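A short worksheet on the structure shown next.
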Amino acid sequence: MTGAELLQAIIDERAAPPTGITTLNLAGTHRWLTSIAPGRAVFAWPVGSSHHNLEGNVLCSWTMAVADQAMFLAGCGLMGEGETTRMQHFSFSSVQEFGSGVVTVEAIVTREGAIAHGRCVFTDERGEHLASVLATFAVIH
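Position 80, counted from 1, in the sequence shown is what my numbering calls 101; the numbers after and before it change by one each time, with no gaps.
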């Protein structure tokens, strides 16, 4: 199965999301998709109090987990039959704290042979930049 076929099976709920996604309670992320194409995924992330720290802001670990899932879905369309990815580098930058509301999450993944690069940007309902995540993946055959 190609990455695009796996992605479509997850969206159609014919295949389960990866077990790590279920463990992180992100199994519904495919339902947040507002746009999907090979190398690009856009989510409308419904952020609520279950994502908050003691100060009422979103925990960075939630942001990183959502970014990881967004980049996985964006990158699926770039993977061939039997190919998977392995995270090599992952960095997080929070521009400002954020709480509840709908956050737009846009992931862009490009591929150069056996390496894929991802960037995920989080914006609020006014379009203001909240956070960014950068990643590098090894493509494994």
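Ideal placement from N, C-alpha and C gives every residue a C-beta, glycine not left out.
All values reported here derive from a predicted model rather than from experimental measurement.
Item to check | alpha helix (DSSP H) runs wholly inside the region 64-136, at least 4 long, in chain order | outcome: 81-97
Next on the checklist: If distances are taken between C-alpha atoms only, which option among P67, F119, F158 comes closest to S112?
Outcome noted: To locate residue 112, count along the sequence shown from 1; it is residue 91. S112 has its Cα closest to that of F158, out of P67, F119, F158.
Next on the checklist: Strictly by DSSP, which residues pair up with I57?
Outcome noted: By one-based count along the sequence shown, residue 57 stands at place 36. Beta-bridge pairing links I57 to A62.
Item to check | Local conformation of A25 per DSSP, three classes | outcome: Taking the first residue of the sequence shown as position 1, residue 25 is located at position 4. Residue state, collapsed to three classes: helix.
Checklist entry - Can the beta-carbon of L47 be found less than 9 Å from the beta-carbon of A86? => result Looking up residue 47 in the sequence shown gives position 26. Looking up residue 86 in the sequence shown gives position 65. Against a cut-off of 9 Å, the Cβ pair of A86 and L47 comes out as a contact.
Checklist entry - For F64, which of H150, T144, A137 has the nearest alpha-carbon? => result Here the question's residue 64 lines up with position 43 in the sequence shown. Considering only alpha carbons, the answer is T144.
Checklist entry - When the Cα atoms are used, what is the spatial distance from V124 to E149? => result As a working mapping, residue 124 is identified with position 103 in the sequence shown. As a working mapping, residue 149 is identified with position 128 in the sequence shown. Cα to Cα, V124 sits roughly 10 Å from E149.
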